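Worksheet for the structure shown next.
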Amino acid sequence: MDAYYATFFRELQHSGVSYVLCGGLAIVLQGFRRFTADIDIIISLQIENVLRFVELVSRLGYRPRLPIPAVELADPEKRRFWREEKGAQVFTFCDPSSPYRQIDVFISEPIPFEELHAASILRCDSDFEIRVASIEHLLRMKRQIQPPRDHDTIDILMLERMLSDRR
């Protein structure tokens, strides 16, 4: 695994943040080869958990893409405003030293977090684990994207094939 990802997930595990990896990297870790550079993650939106996550990414040098204080991610009313008034689905953190490195954090739960977490799998690396969304949940989340982008359509087809091959 690339050192960039390894550092992030090792630190994430040590921080105690409750999360599930989703999106392109999760699909790669489920066995489908495709390019992805960003990290898409769903965290428990409990205030203490969000604040732990914000502290972690700030310590690692990430900054909000938009000029919004990162701590506002912990405010349920702010997240509601961003969703309903701005149409946002994620809060993005960027690494100023390397613009392609970004972390997209969902500001709502496309699937209830407890359900997502309970069905997730652990992928182990040498000295850390990554909690990855199940194929079923990845497929469900991809199907929620409207309109789907070309790579979403390909991901849906591959996830359906992966499910079919498991049966």
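In UniProt numbering, the protein residues as written are 1 to 167. Where a beta carbon is used, it is the ideal one built from N, C-alpha and C, also for glycine. Here the structure is a predicted model, which is why all the values come from computation and not from measurement.
Query: Buried or exposed (CB count within 10 angstroms, at least 16 for buried), ASP155; Result: buried
Query: GLN144 (DSSP reduced to helix, strand or coil); Result: helix
Query: 7 Å CB neighbourhood of VAL17 in its chain, flanking five on each side removed; Result: ILE43, ASN49, ARG52, PHE53 and LEU56
Query: Strand pairing of LEU157, partner residues [DSSP]; Result: DSSP, once it has assigned bridges, lists no residue as partnering LEU157.
Query: Buried versus exposed call for TYR19 [16 or more other C-beta atoms within 10 Å across all chains shown]; Result: buried
Query: Per DSSP, the bridge partner or partners of GLN102; Result: CYS94
Query: Buried or exposed (CB count within 10 angstroms, at least 16 for buried), ALA133; Result: buried
Query: Proximity below 9 Å, CB of LEU163 to CB of ILE135; Result: yes
Query: For PRO112, the three-state DSSP class (helix, strand or coil); Result: coil
Query: For ASP40: DSSP bridge partner residues; Result: CYS22 and ASP104
Query: C-beta contact flag for PHE93 and ARG59 at 9 Å; Result: no
Query: When GLN102, HIS14 and LEU21 are compared against SER120, the one with the closest alpha-carbon; Result: LEU21
Query: Classification of ARG34 by the beta-carbon crowding that lies within 10 angstroms, buried from 16 upward; Result: exposed
Query: VAL132 in three-state terms, based on DSSP; Result: strand
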